[in-house]
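Participant:
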Amino acid sequence: MAGGRILLSHGEGGKRTRELIRKTIAKRFENPVLAPLLDSGLLGRLDGEVAFTTDGYVVSPAVFPGGDIGRLAVCGTLNDLSVCGARPVAISCSLILEEGFPLETLETILDSMKSAAAEGNALVACGDTKVVERGNADGIFITTAGVGILHDGWRPSPGSVRPGDRVILTGTMGDHQAAILIARNRLEISSEILSDVAPLSAMLHDVLAAFGGKVRFMRDPTRGGVGVSLNEMAESSRARIVLEENRLPVAAGVRGLCEILGFDPLYLANEGKALLIVDGSAAEEIASSLRKTGYGRNAAVIGEVAEGPPGVLMRTSVGGMRAVDYPVGDQLPRIC
Amino acid sequence: MCLGIPARVMEITESAAVVEVGGVRRAVSVELIDGVAEGDWVIIHAGFAIEKLDPEEAEKTLQLFREIADAIR
Amino acid sequence: MRYVDAFREPALARPLVEKIRSLGEGALPFRVMEVCGTHTMAIARNGIRALLGGGVTLVSGPGCPVCVTPDGYIDAAATLGRRREVILATFGDMVKVPGTASSLEKERGNGADVRVVYSPLDAVEIAARNPKREVVFLGVGFETTAPAIGGAIEAAGRRALANFSVLASVRTIPEAMDALAGDPGVRIEGFLCPAHVTAIIGSDAYLPLVEKRGIPCVVAGFEPLDILCGISMLLLQRREGKPRVENEYARVATSGGNRKAQALLGRVFEKCDISWRGIGVIPGSGLRIADAYAPFDARKKFGIDVVDSAPATPCRCGDVLKGIITPRECPLFGKACTPEDPVGPCMVSSEGTCAAFFKYGEQ
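Chains as they are written, first to last, in this note's numbering: chain W, 16 to 351; chain Z, 222 to 294; chain U, 213 to 575.
(1) Over what stretch of residues does the beta strand (DSSP E) that includes residue 489/U continue unbroken?
(2) At a Cβ cut of 7 Å, what residues of the segment 265–285 of chain W count as close to chain Z, listed as they run along the chain?
(3) Exposed or buried, which one is residue 370/W when buried takes at least 16 other CB atoms within 10 Å?
(4) To the nearest angstrom, report how far apart residue 237/U and residue 400/U are at their CA atoms.
(5) Select from 317/U, 408/U, 302/U the residue whose C-alpha is nearest the C-alpha of residue 248/U.
(6) Between the alpha carbons of residue 277/W and residue 530/U, how many angstroms are there, rounded?
(7) Using DSSP with H/G/I as helix, E/B as strand and the rest coil, what is residue 8/W?
(8) Given 7 Å as the limit, tell me if residue 509/U has its C-beta closer than that to any heavy atom belonging to the ligand GDP.
(9) Could you name the residues of chain U that residue 61/W contacts, counting a contact when the two beta carbons are closer than 8 Å?
(10) Considering only DSSP beta bridges, list what residue 3/W is partnered with.
(11) Within 10 angstroms of the Cβ of residue 17/W, are there 16 or more other Cβ atoms? Answer buried if so, exposed if not.
(12) For residue 206/W, does the count of other Cβ atoms within 10 angstroms reach 16, so buried, or fall short, so exposed?
(13) Run through the DSSP bridge pairs and tell me what residue 163/W is partnered with.
(14) Pick from 325/U, 548/U, 318/U: whose alpha carbon is nearest that of residue 299/U?
(15) So which residues on chain W does residue 213/U lean against when the C-beta distance must stay under 9 Å?
(16) Rounded to whole angstroms, what is the Cα-Cα separation between residue 308/U and residue 330/U?
(17) Whole alpha helix (DSSP H) runs in the segment 379–438 of chain U with 4 or more residues, listed along the chain?
(18) Given this structure, state the Cα-to-Cα distance separating residue 279/Z from residue 411/U, to the nearest angstrom.
(19) Are three or more beta carbon pairs between the segment 351–366 of chain U and the segment 383–394 of chain U nearer than 8 Å?
(20) According to DSSP, is residue 283/Z helix, strand or coil?
(21) So what does DSSP say about residue 465/U, is it helix, strand or coil?
(22) Measuring alpha carbon to alpha carbon, tell me which residue in 273/W, 330/W, 217/W, 257/W is nearest residue 307/W.
(23) In its own chain, which residues sit with a C-beta less than 7 Å from the C-beta of residue 165/W, not counting the 5 before and 5 after it?
(24) Less than 8 Å between the CB atoms is what I'm expecting for residue 155/W and residue 106/W, so what's the real figure, rounded?
(25) Which chain W residues sit within Cβ distance under 8 Å of residue 295/Z?
(26) What do you get for residue 566/U, buried or exposed, if any count of 16 or more other CB atoms within 10 angstroms of its CB means buried?
(27) According to DSSP, simplified to helix, strand and coil, what is residue 344/W?
(28) Does residue 55/W pass the burial test, meaning 16 or more other C-beta atoms within 10 Å, or should it be called exposed?
(29) Buried or exposed, going by whether 16 or more other CB atoms sit within 10 Å of the CB of residue 519/U?
(30) Would you mind sorting residue 196/W into buried or exposed? The rule is 16 or more other CB atoms within 10 Å of its CB.
(31) Given that a residue counts as buried once 16 or more other Cβ atoms are within 10 Å of its Cβ, and exposed if not, what is residue 454/U?
(32) Could you pull out every residue in the same chain whose Cβ sits closer than 7 Å to the Cβ of residue 261/Z, ignoring the five residues on either side in sequence?
(33) For a minimum of 4 consecutive residues, which ranges assigned as the alpha helix (DSSP H) are wholly contained in the segment 255–300 of chain W?
(34) Consult DSSP for residue 215/W and reduce its assignment to one of helix, strand or coil.
(35) Rounded C-beta distance between residue 516/U and residue 498/U? I'm assuming under 8 Å.
(36) Of all the CB atoms in chain U, is at least one closer than 8 Å to the CB of residue 314/W?
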C-alpha cells in the first residue's frame with residue numbers, strides 16, 4: 016500500500032479503492048453475503064419480525080485503553096438491537112477516512128470490528144468507504160447500521176412497568192467515558208481504567224431465554240450514562256424510580272477519577288452495560304445469573320420502581336433523598 | 222470551591238509528587254508542604270497538595286462518631 | 213476509598229441525625245450558614261437538609277467563588293479571548309457562566325481559544341509550549357485555590373515565561389463572614405466553616421469573629437458524616453451558650469493553618485477591597501496580585517478593567533448568596549432561570565446554590 020497512509024485516491028473509486036476494499040476491508044469480513052461485493056448485501060428471507068438501528072461514531076482518540084472506534088461501532092449497534100430483544104443478523108460498515116490516516120491503525124480497527132461482529136454473531140453484509148481531504152474529518156468516522164430478528168414472544172414494554180419492579184445494572188458505571196477522558200491526555204492523569212466496550216448479544220439473549228416474561232424492558236446507558244438512561248426509562252414508562260446509592264457498582268479507578276475532577280459517575284457513558292427493569296420478585300435471581308457471565312460479573316440490583324409521579328430519585332449513602340435529573344451538558348473538571 | 226481529595230503519595234521527584242486515588246495517578250506539586258514522604262496521605266486540589274492528612278486525627282474523628290452512635294443506643 | 217468511605221458510613225449517620233433532631237427539639241429553628249460551595253453541593257447531593265428535621269435551618273451563603281464574581285469579569289475575559297494571540301485557560305466551573313452579553317462557552321463557539329485545565333500549573337505548561345501565544349489564566353477562587361494560583365505565577369517566574377498572566381478574582385472568606393454576621397437582614401446563629409479554606413488559613417482565623425459577634429463556629433469536612441457532626445457540634449454550642457471555634461476536620465485543618473501556603477500568598481498577593489456580586493464591596497476581602505508580580509497580572513499587562521454591573525433586576529442571586537431567600541423564593545427559579553438557560557451565576561455555576569437546589573430537587 017502507498018507508504019502506509021490513506022490517500023485521496025483510496026476514495027476515488029479507481030484501482031486504489033478496489034485494492035483497499037478487496038485486500039484490506041472485505042478480506043477481513045469474509046462471508047458469503049459480502050463476498051460478491053454487489054451494491055447491496057442480499058440477506059435472504061428473515062425468520063421473524065425485524066429490528067433496525069443505526070449510529071455514527073466519532074470518538075477521539077480512535078484507539079483507547081480497552082478498545083477502539085471499530086469495536087465501539089460494532090458493539091454499539093449490536094447492543095442497540097440486543098436491548099430491544101433482537102438477535103443481530105447483519106450490520107453495515109460505512110467508513111469516512113481522513114487523508115493521511117495510518118493504514119496500520121485502520122487494520123487494527125477493522126480487526127476489532129471483525130472480532131466484535133463474530134462475537135455478536137452478526138455478518139458485516141455491506142459497507143462503503145470514502146476519503147476526505149486532510150482536516151475535514153477527525154481521522155476516522157464510522158457509521159454502522161444493524162438488522163436483527165426479535166425474539167419470539169418478547170417485546171420491550173415500558174408500559175408494563177409497575178411499582179414493585181426493580182432496576183438491574185449489568186456492571187460498573189462510567190468505565191468507557193473515564194477511559195476516553197484519560198486517553199485524551201489533557202488531564203495529565205494515568206490509570207488502568209479500561210473502556211467496557213463489549214457486545215452483549217449473548218448475555219442478553221440468555222436472560223430473555225430464561226426470564227423473558229419477567230423483563231419489562233431494557234436500555235443501554237451510553238451517552239449521558241445511567242443517569243440519562245434512567246430518566247428516559249422513567250419517562251417512557253411513567254415510572255418513579257428510586258435508586259440506592261450504596262448499591263451502585265463503580266470501579267475503584269473510576270471513583271478515584273470522579274473524586275479528583277468532581278465528576279458524577281452516574282452521567283458517564285458506558286458501552287458494555289445494560290439497564291433492565293424487571294419483575295421485583297425475580298430481580299435477585301436475574302442479577303445472580305448475570306453475575307455468572309463475563310460481561311455481567313458486577314451486575315447489581317440498583318433500585319426499584321415506587322408509587323408516585325414519574326422521575327428518578329436516589330436514597331443517598333446517609334439515608335437522605337435527592338433527585339437524579341438530566342444533566343446539563345458535559346461534565347468539566349472543577350475546583351468547587 | 223474546595224474540592225480536595227485524600228491521595229496517597231507514591232513517588233517523589235524534586236518538587237513534584239505522584240499521588241494515587243483509587244488507582245488513578247497524577248503528578249502534583251508538593252511545594253506547599255514540608256517533609257512529604259512516600260506513603261503519606263495528602264489533600265490534593267487544583268494540582269497541588271495543600272495539606273497532609275493525619276491518620277491519627279482521622280481515627281479520633283471516627284471514634285467520636287462511634288461514641289455518639291453508642292450514646293444514642 | 214481510604215479516608216473517604218469511612219466518613220460516609222451509613223451506620224454512623226443515623227445516630228448523628230438522631231442527635232441533631234433531639235438537640236433541635238423544643239427550640240426555635242437554629243439558622244446555620246455554610247459559606248463553601250463544596251458544602252452546598254455535599255448537603256444537596258446527600259439529601260441532608262430533609263434529614264435534619266425542623267430544628268435546623270441550613271442556609272447557603274456566598275461560598276461559590278464563581279457566583280460572587282461580577283459578570284464584568286466574564287466580560288473582561290471574553291474581551292481578552294477575542295484577541296487572536298490569547299489562549300484563555302480556565303477551571304471548568306467558569307465555562308458556562310454568563311457575563312452581560314456572552315460566556316466563555318459562547319466565545320469558544322465564536323472561535324476563541326478557551327481551554328479547560330485541572331490545575332493552573334497546566335496553564336503554565338501551555339504557555340511554555342506555545343511561546344508565540346499569550347496564555348491568560350482565569351484565577352478565580354478563595355483561599356483554598358489562591359496558593360495554587362500564586363504557585364503557578366511563581367512557577368512561570370522561575371521558568372522566565374513572558375507569555376503567562378493571570379486575571380485574578382480572589383476573595384477571602386472571614387471578612388465576608390463578618391459582613392454577613394453584621395447584616396441584620398441575614399440572621400446567622402452558627403457558621404459551618406469551610407474545610408479546605410481553613411486548612412490554609414487555620415481555624416484561629418475565626419477567633420475574632422466569635423469574639424466580636426458571639427456566633428458559634430465549627431470547621432467541618434465535606435463528607436456527610438463530617439457535616440452532620442459539625443451541625444451537632446454547633447447545636448451543642450448553642451445549648452451550652454458558650455460560642456467558640458471548634459474543629460471537626462482536625463485530620464487536615466489545624467489552628468495555625470498551612471504556614472508555607474500563607475507565606476506564598478503574602479508574597480504574590482496583597483489584600484484589597486473587592487466587590488462581591490449581590491453583596492457589594494467588602495473591605496479587605498480581596499487579594500490582588502502584588503506589584504512585584506506585575507508582569508503576571510493580566511489587568512496591568514493588557515490594560516483591562518473589570519467593571520461591576522448590577523445584575524438583571526429580577527435576578528435575586530444577591531439575596532440567595534446572603535441566605536436571605538432560598539432559590540425557590542426567587543421568581544425566576546425554574547422558569548426563566550434554569551441550568552440550560554441561566555440568568556445569574558448561582559444557577560449555572562457548578563456549585564451555585566440555585567444549581568444545587570435545581571439539580572438535586574432541594575426544597
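We treat Cβ as the ideally placed atom computed from N, Cα and C, and that holds for glycine.
Facilitator: So, from the data block:
(1) From DSSP, residue 489/U is part of no beta strand (DSSP E); its letter is neither H nor E.
(2) Those would be 267, 268, 270, 271, 272, 274, 275, 277, in chain order.
(3) Coverage of chain W is limited to positions 16 through 351, which leaves residue 370/W absent and any answer about it impossible.
(4) 19 Å
(5) 408/U
(6) 26 Å
(7) Nothing about residue 8/W can be reported from this structure: the residues present for chain W run from 16 to 351 only.
(8) The ligand GDP is absent from the structure shown, which contains no ligands of any kind.
(9) In chain order: nothing, as chain U lies at least about 43 Å away.
(10) Nothing in the structure corresponds to residue 3/W, since chain W is present only between 16 and 351.
(11) Model confidence at residue 17/W stands at a pLDDT of 48, short of 50, so the residue's coordinates are unreliable and nothing is read from them.
(12) buried
(13) 66/W, 103/W
(14) Out of 325/U, 548/U, 318/U, 325/U has the C-alpha closest to the C-alpha of residue 299/U.
(15) 267, 270, 271, 274
(16) 16 Å
(17) 385–393, 407–413, 419–425
(18) 14 Å
(19) The segment 351–366 of chain U and the segment 383–394 of chain U touch, with no fewer than 3 CB-CB distances between them shorter than 8 Å.
(20) Three-state result, residue 283/Z: helix.
(21) coil
(22) 217/W
(23) 63, 64, 66, 100, 101
(24) Not a contact, Cβ separation roughly 17 Å.
(25) The first residue shown for chain Z is 222 and the last is 294, placing residue 295/Z beyond what the model contains.
(26) Answer is buried; the Cβ neighbour count reaches 16.
(27) coil
(28) exposed
(29) exposed
(30) Residue burial annotation: residue 196/W is buried, with at least 16 other C-beta atoms found within 10 angstroms of its C-beta.
(31) exposed
(32) 230, 273
(33) 267–276
(34) coil
(35) Between residue 498/U and residue 516/U the Cβ distance is about 17 Å, and since that is not below 8 Å, they are no contact.
(36) no
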